[in-house]
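Protein chains in written order, with my numbering: chain A, 175 to 457; chain B, 28 to 342.
Here is the structure we will look at.
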């Protein structure tokens, strides 16, 4: 019997629930921390950014309209899917970051735990960030956090999985859709995470993952008028991107808070608006 | 270019003569047409050309609302958008026409006073065309009386498909007469004509009967305007102009929603019929949501940032 040929995988973009090559047809090589060839990855263009934002715009209203508890359950299922492929994730994190297997496995396990932690927040964040206000009159007055809409995430360049989970999942908890620009040189874990969204009941288009040159894609995403929030954790020049975003009233998280409970809450708070609702007390 | 005299329009005095003329048309190479349309769709317009093409496409739109739920208020809003498509940018050209049901023509007319935007009405028992000729003519007369500049009629597809070509021809002639000075657009409903050969024959039939425009679709059936069908119709108007000297327009309607598709059709028209066709007198897009996408693309071209849908009025 002849020797088996390698089945090589090209990592594609995740746009609108589909795994697509770049609109431009381009791809680029990703190397591991040791400089060895790792994989061919689709190289997104500005039109892919446009398509991804459009997909996110389409998916977000229905996700936001779901009950908070259901959103939590869906995110928990997302964690289940990640857990099932934890070995593959750890393998890729190990190669991308040049860390040993045990460290990579611990990093992935930490990321998945973080995902479960965020899932639990879905039906609690309203009580913590919102509240009943005291008013002088026969009315109830509530402050309610509502999602901003579409959040663009420039994923952390160094922490290819654990850091990504924080940046990607926090906006989802409160009902936003995300467009992630994966770490330019370590995009594989982000693309894998994008693949897992397809099997975890997250609506198509809610999570979009683009790999490619950040200098080219970052400004397009930041200036896009339909992007309502920006997480610039992985940006090389957050100030410049924030300036581009300023024209269209975009919420900006300049540098990601630490992966602590306080940091997580800070992330949840970053991409909600607070709306105030009046209601008569009634007889 | 030498314009041949009008006398070269084939004389169609009887159904037999009509059959002879239509039978003389060569068949359509379906594979070739699809390949040619696909090939032309790969042309890409950039920068100034794209900006000019977007403005041109806007000026060719028949802004259409043909819903059972149409109200005078909705038509008023549509007319405001037709006059000034981008509220934030007066340099965006107005559209060619507003297209409504006959009962709303007067409303549209009132809201378009003093603007170059024309009023088109779908008449003749739109969209099925299944009514007797007197009913169809009454429909046209009502739209005309209310002030319609253009009439969009549907052909009787049942009659065409069962071979009663004379009946279809006579109906178009009668409606054309009822139109008076109003422009007549003849809807072939190509999605129901089954073959490209039928599209070519129906195009010639409509042109011989006096159509000012031939139009693909009502937008009410599953298949509407497609690039190959547009190509066949554009070839028909080109050949008709070459052999008779009469210039007939083409209106593509139904299912054209993105600026990208619209620009592809402009390329198709330019390469098939020629650039002289690319003006509101001879080329139209029947659409509603297309205008929104054209405006979004236009803004993106000007500001360099992708635009937000809510920033242009959605009718």
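Glycine included, every Cβ here is placed at the ideal spot set by N, Cα and C.
Quick one: is residue i buried, meaning 16 or more other Cβ sit within 10 Å of its Cβ, or exposed?
i	result
residue 453 of chain A	exposed
residue 322 of chain B	buried
residue 222 of chain B	exposed
residue 307 of chain A	exposed
residue 278 of chain B	buried
residue 118 of chain B	exposed
residue 234 of chain A	buried
residue 153 of chain B	buried
residue 210 of chain A	exposed
residue 73 of chain B	exposed
residue 312 of chain A	exposed
residue 301 of chain A	exposed
residue 189 of chain A	buried
residue 314 of chain A	exposed
residue 275 of chain A	exposed
residue 370 of chain A	buried
residue 330 of chain B	exposed
residue 203 of chain B	buried
Kindly indicate the opening and closing residues of the beta strand (DSSP E) around residue i.
i	result
residue 352 of chain A	351 to 355
residue 89 of chain B	88 to 91
residue 177 of chain B	177 to 181
residue 161 of chain B	Careful: residue 161 of chain B lies outside any beta strand (DSSP E), inside the alpha helix (DSSP H) at 160 to 172.
residue 201 of chain A	201 to 205
residue 314 of chain A	313 to 321
residue 447 of chain A	446 to 454
Between the options, which has its C-alpha nearest residue i's C-alpha?
i	options	result
residue 189 of chain B	B/304, B/229, B/109, B/65	B/229
residue 245 of chain A	A/440, A/351, A/362, A/391	A/351
residue 160 of chain B	B/195, B/172, B/147	B/195
residue 98 of chain B	B/149, B/85, B/167, B/132	B/132
residue 226 of chain B	B/206, B/207, B/254	B/254
residue 316 of chain A	A/422, A/179, A/449, A/176	A/449
residue 247 of chain B	B/239, B/78, B/233, B/283	B/283
residue 318 of chain B	B/337, B/306, B/286	B/286
residue 237 of chain A	A/433, A/395, A/376, A/428	A/376
residue 301 of chain B	B/280, B/262, B/332, B/333	B/262
residue 293 of chain A	A/310, A/280, A/398, A/345	A/345
residue 303 of chain B	B/156, B/276, B/251	B/276
residue 207 of chain A	A/333, A/389, A/382	A/333
residue 326 of chain A	A/354, A/420, A/277	A/354
residue 257 of chain B	B/52, B/50, B/63	B/63
residue 39 of chain B	B/200, B/112, B/320, B/115	B/200
residue 290 of chain A	A/250, A/273, A/272, A/373	A/250
residue 138 of chain B	B/173, B/167, B/259, B/338	B/173
residue 140 of chain B	B/103, B/165, B/335	B/103
residue 167 of chain B	B/310, B/185, B/127	B/127
residue 390 of chain A	A/204, A/177, A/223	A/223
residue 165 of chain B	B/186, B/136, B/187, B/198	B/198
residue 57 of chain B	B/307, B/268, B/259, B/41	B/259
residue 206 of chain B	B/52, B/268, B/238	B/238
Given that residue i touches chain B, what residues does it touch there, using C-beta distances under 8 Å?
i	result
residue 224 of chain A	333
residue 198 of chain A	Within 8 Å Cβ-Cβ: nothing; residue 198 of chain A doesn't reach chain B, min ~12 Å.
residue 219 of chain A	Near residue 219 of chain A there are no residues of chain B at all, since even the closest Cβ is about 13 Å away, more than 8 Å.
residue 422 of chain A	332, 335
Under 9 Å between beta-carbons, which chain A residues line up against residue i? List them in chain order, please.
i	result
residue 46 of chain B	Those do not exist, as residue 46 of chain B stays about 49 Å from chain A at its closest Cβ, beyond 9 Å.
Quick check on the DSSP output: the alpha helix (DSSP H) that includes residue i runs from which residue to which?
i	result
residue 224 of chain A	220 to 239
residue 125 of chain B	From DSSP, residue 125 of chain B is part of no alpha helix (DSSP H) but of the beta strand (DSSP E) over 124 to 127.
residue 268 of chain A	260 to 271
residue 295 of chain A	275 to 295
Mind pulling the chain A residues with CB within less than 8 Å of residue i?
i	result
residue 70 of chain B	In chain order: nothing, as chain A lies at least about 16 Å away.
residue 336 of chain B	231, 400
Excluding the five sequence neighbours on either side, which residues of its own chain have a C-beta within less than 8 Å of the C-beta of residue i, listed in chain order?
i	result
residue 176 of chain B	124, 145, 146, 147, 209, 210
residue 201 of chain A	184, 195, 214, 215, 216, 217
residue 25 of chain B	Chain B is shown from 28 up to 342; residue 25 of chain B falls before or after that span and cannot be answered.
residue 304 of chain A	316, 317, 318, 319, 448
Spatial neighbours of residue i within its chain, please: C-beta separation below 7 Å, excluding the five flanking residues on both sides.
i	result
residue 348 of chain A	299, 319, 321, 442, 445, 446
residue 46 of chain B	192
residue 323 of chain A	234, 350, 402
residue 282 of chain A	260, 263, 264, 267, 335
residue 29 of chain B	The predicted model places residue 29 of chain B with a pLDDT of 44, which falls under 50 and marks its position as unreliable, so this point remains unresolved.
residue 289 of chain B	84, 283, 312, 317, 321
residue 32 of chain B	Confidence is the limiting factor: at residue 32 of chain B the pLDDT is only 46, short of 50, which leaves the residue's position unreliable and the question unanswerable from this model.
Please work out which residues of its chain come closer than 6 Å, Cβ to Cβ, to residue i, disregarding the five sequence neighbours upstream and downstream, and give them in chain order.
i	result
residue 294 of chain B	67, 70
residue 416 of chain A	426
residue 278 of chain A	264, 267, 268
So with CB distances below 9 Å, who are the chain B contacts of residue i?
i	result
residue 397 of chain A	330, 331, 332, 333
residue 227 of chain A	333
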